[in-house]
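Taking our numbering, the leading residue of the sequence shown gets 18, the next gets one more, and so forth. Think of the CB as a built atom: it goes at the ideal place given N, C-alpha and C, for glycine as much as any other residue. Because the structure is a prediction, the values reported are computed rather than measured. This report concerns only the one structure given below.
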Amino acid sequence: MKKKNVGLMGRRALYGYLFILPFILGFVFFMIKPLGQSLRMALSDVVISNQGFELNWNNFANFKKAFLVDAEFNRMLVESISQMIFQSLATIVFSFFVALLLNQKFKGRTLARSIFFLAVILSSGVLVGLESSNSLMAQLKDMIEEAGNANSITEVLEDILISSSSGVGGISSRIFEKVFEIIDSIYDVAMASGIQIIIFLSGLQTISPGMYEAAHMEGCTAWETLWKITVPMVSPLMLVCWIYTIIDFFMKSDNQIMDKINTQMTELLNYGFSSAMAWIYFIVCMLLIGISSLIISKVVYNYD
């Protein structure tokens with residue numbers, strides 16, 4: 018029996034490696050050399066001449082400039098990481114509950130799933146550029162955001178909650194501010210949750226209906242079933258979605274760190290300094306992914 022399990026695990030591992038083989042080959046042949054070149058630029062003074070680039074070792078001067086000289090980088094880094102954490106949490110929660118709704122049986126379910134899958138298409142690289150350059154799409158986004166902010170009752174409620182919590186402690190008021198900030202950015206959250214919805218939906222469909230039937234016969238409520246069956250069974254996918262969401266946020270070109278890096282590289286032609294900031298941002302994001310993944314993996318329910 019153990020030999021059969023080992024053979025099955027080996028075949029699954031082989032299928033997994035074959036599945037990611039195109040990415041591995043693409044990374045080896047197309048990504049390693051640019052990454053090495055970028056690291057060399059980050060550690061050097063880049064001099065542009067008619068013959069190309071000339072790299073002169075500068076003893077980590079670009080990294081020192083980013084942390085000790087530049088007046089904006091540290092603030093932008095902290096703000097970007099904070100925004101990344103809160104928006105990633107909002108995206109995971111939103112996509113999970115939307116997947117729960119789409120997994121129910123109702124008329125027009127296929128159409129509803131297709132509508133939510135449009136977020137995947139609209140968030141692709143080409144259409145994101147169209148969204149930023151197309152006046153109609155820009156007006157549509159502004160209308161959605163204004164509709165969320167135009168309600169005076171909502172604004173009064175926000176002011177009351179923030180002012181009342183500030184009297185108790187600054188932490189509570191900051192939490193309310195972050196919550197309302199996420200609510201105001203619901204358009205961005207919905208646009209970033211297409212892939213996560215599909216992942217959660219596929220995981221929900223693999224749960225055996227017999228588990229829900231047994232829970233119902235034992236007298237479990239829907240709330241208890243959610244936390245005792247649904248959440249544990251899809252918890253491995255939560256880790257996958259969390260990592261994907263952080264990387265997706267990290268790859269966006271409209272956050273202030275990426276905008277600063279692009280400005281230094283394309284407009285000021287400061288390749289060394291921009292490469293150093295990019296490597297710092299990359300390392301911080303990898304550390305965030307590693308730490309958060311380690312914490313989440315402790316509560317993930319693993320099953321065969």
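| request: Could you tell me whether the Cβ atoms of Ile306 and Ile263 are closer together than 9 Å? | output: yes
| Beta-carbon proximity list for Gly56, same chain, < 6 Å, skipping 5 on both sides | Per the sequence shown, the amino acid found at residue 56 is Leu instead of Gly. Excluding sequence neighbours, Leu56 sits near nothing in its chain.
| message | Report the CB separation of Ala59 from Ala293 in whole angstroms; it is logged as a contact under 8 Å. | response | 4 Å
| Within this structure, are the beta carbons of Tyr229 and Ile246 separated by less than 9 Å? | yes
| query | For Gly142, which residues from the same chain have a beta carbon less than 7 Å from its beta carbon, with the 5 sequence-adjacent residues on both sides left out? | reply | Confidence in Gly142 is poor, its pLDDT being 49 and thus under 50, which makes the residue's placement unreliable; the coordinate value appears in the next sentence. No residues qualify anywhere along the chain.
| Contact under 9 Å by Cβ, Val317 with Phe113 | no
| What first and last residue would you give for the alpha helix (DSSP H) that runs through Ser210? | Premise fails: Ser210 is in no alpha helix (DSSP H) and is neither H nor E.
| Boundaries of the alpha helix (DSSP H) in which Asn79 is found, first to last residue | 78-81
| Using the C-alpha atoms, what's the distance from Tyr34 back to Met26? | 12 Å
| Does the Cβ-Cβ distance between Val301 and Ile102 come in under 9 Å? | no
| message | Mapping the DSSP letters down to three states, classify Leu25 as helix, strand or coil. | response | helix
| task | Return the residue from the list Leu285, Gly289, Asn91 that minimises the CA-CA distance to Ala78. | result | Gly289
| task | Out of Leu94, Phe111, Leu254, Leu119, point me to the one whose CA is closest to Trp296's CA. | result | Leu94
| task | Kindly indicate which residue of Leu311, Ser314, Phe299, Leu119 has the alpha-carbon position closest to the one of Gly220. | result | Leu119
| Expressed to the nearest angstrom, what Euclidean distance is found between the alpha-carbon atoms of Trp74 and Lys81? | 14 Å
| query | Just the Cα atoms here: how many angstroms apart are Asp205 and Phe266? | reply | 11 Å
| field | Alpha carbon of Gln104 to alpha carbon of Ile313, nearest angstrom | value | 17 Å
| field | For Val45, three-class secondary structure by DSSP | value | helix
| task | Whole angstroms is fine: what's the gap from Ser225's alpha carbon to Ile41's? | result | 34 Å
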